[in-house]
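The opening residue of the sequence shown carries number 66 in the numbering used here; numbering runs sequentially from there. Positions of the beta carbon are idealized from the N, C-alpha and C atoms, including for glycine. Model, not experiment: these values are computed from the prediction. Below is one structure, written out as structure tokens; comments come after it.
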Amino acid sequence: MRLEKVSVEGFKTFKNRQNIELPYKYTAIVGPNGSGKSNLIDALCFVIGRSRGMRTDRLAELIYNGGTDGKPSDEAIVSAYFSTDDEQKQIVKITRIVRRDGKTQYKINYKSSLNDPILSKNDKNISKEKVLETIGDNEYNVLLQNDITNFIEMSPKERRGAIDEICGISDYDEKKSEAIKELASVEEKISGANVQLNERLENLKILEKEKEDAIKFKEIKKEIWTLERVFNYINLRGAEAKINDCEMSARELCSVRDSYKVSESNIKTKKTELETKISYLNKQLIENEKKRGESDGASLLNAEQRYLKAENKKLSEIEQKINFAVQRKDELNNIFTSSSLQIKNFSGRIEQIARILKDTKISEIESNVMELKDKIYDQKIAGSDARNKYENQTKFIAQKHKKIELNNTEISKYLAREQELARGIDAQSYAYKEIFEKLSRIRKEKFNAEKEYEQLIENYEKIKSEYVRKKEILKNLRKNLIADYLKKATNGIYGTVSELCRVSDAKYRKAIYAAAGNRMENIVVENENTAVKCVNLLKTGRIGRATFLPINKININLPNENPDGLGFARDFLIYDEKFENIIAYILRNTIIVENPDDFKPLIGRYRMVSLDGDIAEREGSISGGFIKETLNFNEISDEIKALEGKLSAIEEEIERVRERKNASADDLEKDLTNA
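Rendered as structure tokens:
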């Protein structure tokens with residue numbers, strides 16, 4: 066945007082409305098002291114909101130005070146008219162009003178609300194904030210009276226800061242600092258995310274260990290349950306087998322006891338009968354002996370003896386049966402003993418019963434049998450208790466099994482939750498991995514961008530320095546501008562000597578310009594009348610001073626000899642023949658040599674100049690050293706344009722690098738926010 070016009074009313078010395086037009090290019094406002102030149106600058110600072118530089122402490126003091134006999138104004142109004150850079154060149158009017166109470170008001174295109182858009186001719190919205198920002202408080206858009214002096218007196222570091230601020234580099238430095246801070250914040254967030262990730266990994270390890278312990282607990286519980294079932298089953302079957310064996314042994318003992326009772330009764334009966342018969346036979350024998358005498362007694366005795374033998378035989382048979390019964394008893398006792406070995410708790414009693422049976426103590430056997438029955442009964446009761454205990458144990462195991470099922474359900478939920486957490490951690494780990502990869506890529510891009518940025522800044526500084534130097538040279542060549550001015554003001558002006566000739570070979574350029582010196586900027590005119598007229602024009606316009614060379618008055622006799630060295634300096638210039646005397650006047654009989662060592666044998670004969678610009682006068686003085694190459698006005702202008710193009714290209718490249726860095730930082734911030 067460009068400032069076209071400033072309107073003031075009631076501002077300082079401007080009582081009535083005054084419009085100050087500001088045409089394109091340059092505008093100079095001149096006038097005597099106290100005419101209001103500085104007040105106009107104050108008005109411009111006031112309307113664009115720049116407080117620095119206004120010569121007042123309170124805004125109310127800016128209002129016209131009426132002077133000695135005038136009426137003071139109630140308010141001060143300053144309006145600035147800006148034209149846009151688009152094709153329509155629409156005008157944006159910014160007005161600022163200050164009243165006696167010190168309150169101010171802004172109006173843009175007659176609207177006081179800063180939130181209303183400004184409609185352009187092609188219906189495009191121009192934000193008021195953008196307008197204010199465009200023409201806002203820039204420290205160097207208005208240079209006050211002492212600013213130039215302050216700039217000259219600045220230290221190189223302060224001057225560099227001012228130039229950076231004017232070029233906008235300081236804004237880039239601030240953005241760079243902000244980007245570095247944002248990157249540090251992102252790295253801090255990533256560090257925190259790493260800490261959280263490590264904590265979650267530790268928790269995951271703990272969960273995995275608890276999972277393994279839970280699985281082992283479940284397997285051990287199942288194994289315990291199986292072993293308890295097997296153990297209880299084995300104990301139950303063993304108890305039932307022992308009970309059955311005891312019952313069978315008891316029945317066999319009962320049958321043996323009954324058979325012993327029958328045998329004992331039969332034996333007692335037989336014994337009684339035998340004793341009765343023996344007693345009876347003895348009585349008969351005695352009676353027969355008495356009756357029959359001795360002869361009959363002997364035969365009867367024999368008969369009785371035969372009968373006794375027969376009875377003894379029967380008794381032997383009975384004893385054999387008894388022995389057989391005893392043997393049978395022993396066999397049964399062995400069977401009983403072998404059975405008792407299976408029941409360890411009754412082995413001692415069975416052996417005792419066997420000993421009692423051997424001693425034929427039936428009564429004791431009976432008591433032992435009764436005791437054995439009691440033991441069997443107790444064993445049955447114990448078996449019943451064992452069965453009840455088994456049932457209770459079964460119920461207890463069922464309860465434990467139910468509890469284990471509940472625990473399994475809880476463990477299943479816990480494992481499902483663990484898997485869900487593991488999936489979440491895997492997803493988050495993948496996201497963090499992507500972020501780490503992107504961060505590495507962005508860091509690499511940032512490093513490359515910063516390196517490229519530093520290289521661009523370095524090139525920018527070099528080109529800028531060269532640009533400033535060329536500007537200085539251009540300033541020194543203002544005489545060319547004087548020549549252009551005079552060409553427009555009068556006729557008969559050809560131009561400066563540097564414009565009318567050119568060097569045939571670049572390696573002689575420094576030597577020729579050193580030999581000619583400032584005379585290369587002398588202005589060639591047609592005659593002495595033109596020269597005098599130009600001098601008067603420069604005096605009248607107070608533009609400067611210049612040396613004029615009339616073609617008709619300058620006449621130099623040129624020698625025809627062949628000089629030593631490389632040749633006459635004038636021979637290395639290309640020019641129009643009508644300017645031959647002018648070139649001869651500028652360079653005289655100066656010859657060009659290779660280096661200062663070639664001066665020695667030729668001093669006193671010629672005026673000499675080396676290729677590096679060192680000069681030896683004919684009288685013997687020698688001057689030299691380092692010399693900057695001097696260019697003519699056109700060459701300087703071309704180089705300045707080229708440098709301006711390079712500066713613009715580098716600034717665009719710097720902006721692209723910054724946008725790429727900002728885009729990378731924005732992408733990283735979005736990824737971290739989403740993560």
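- Within the same chain, Cβ atoms closer than 6 Å to the Cβ of P137 are found at N130, G131, the five residues on either side in sequence being excluded.
- One Cα belongs to V163, the other to F111, and the distance between them is close to 10 Å.
- One Cα belongs to I234, the other to I719, and the distance between them is close to 10 Å.
- For the pair of segments examined, the segment 68-79 was found to touch the segment 100-114: the number of CB pairs separated by less than 8 Å reaches three.
- Contact between A571 and V674 does not hold, since the beta-carbon distance rounds to 16 Å and is not under 8 Å.
- For G560, the enclosing beta strand (DSSP E) stretches over residues 558-561.
- For the pair N309 and W290, the Cα-to-Cα distance works out to about 29 Å.
- For K598, the enclosing alpha helix (DSSP H) covers residues 593-606.
- Under the Cβ criterion (8 Å, minimum of three pairs), the segment 672-687 counts as touching the segment 636-655.
- The C-alpha of G557 is placed about 18 Å away from the C-alpha of C566.
- Counting C-beta atoms within 10 angstroms of its own C-beta, A306 has fewer than 16 neighbours from the protein chains shown and is therefore classed as exposed.
- In terms of Cα proximity to V590, the closest of T612, A634, N263 is T612.
- Rounded to whole angstroms, G167 and S148 show a C-alpha spacing of 30 Å.
- If you check the CB distance, T555 and T595 come in under 8 Å.
- The DSSP-derived three-state label of T169 is strand.
- Restricting attention to T78, L68, A581, the CA atom closest to the CA of P88 is found in L68.
- When beta bridges are read from the DSSP output, M673 appears opposite I656, A681.
- DSSP places Y129 outside any beta strand (DSSP E), giving it a letter other than H or E.
- Under the three-state reduction of DSSP output, V207 falls in the coil class, being neither helix nor strand.
- Listed as beta-bridge partners of G96 by DSSP are no residues whatsoever.
- Note on E586: 16 or more other CB atoms within 10 angstroms of its CB, so buried under the neighbour-count rule.
- In this chain, the alpha helix (DSSP H) harbouring S103 covers 102-112.
- Per DSSP, reduced to three states, the secondary structure at P666 is helical.
- A distance below 6 Å between beta-carbons, with the five flanking residues on each side excluded, links V143 to the following residues of its chain, in chain order: V73, F76, A108, F111, V112, R161.
- The beta-carbon distance between I619 and I647, rounded to whole angstroms, is 6 Å. This is short enough to meet the 8 Å contact definition.
- The C-alpha of E140 lies about 6 Å from the C-alpha of R165.
- According to DSSP, Q83 shares a beta bridge with V73.
- Separation of E223 and L248 (C-alpha to C-alpha, rounded to the nearest whole angstrom) is 29 Å.
- Between G710 and S220, the alpha-carbon positions lie close to 29 Å from each other.
- In the displayed model, A571 falls within a helix according to three-state DSSP.
- Judged by their CB atoms, I173 and I159 are nearer to each other than the 8 Å cut-off.
- DSSP, read as helix, strand or coil, puts R67 in strand.
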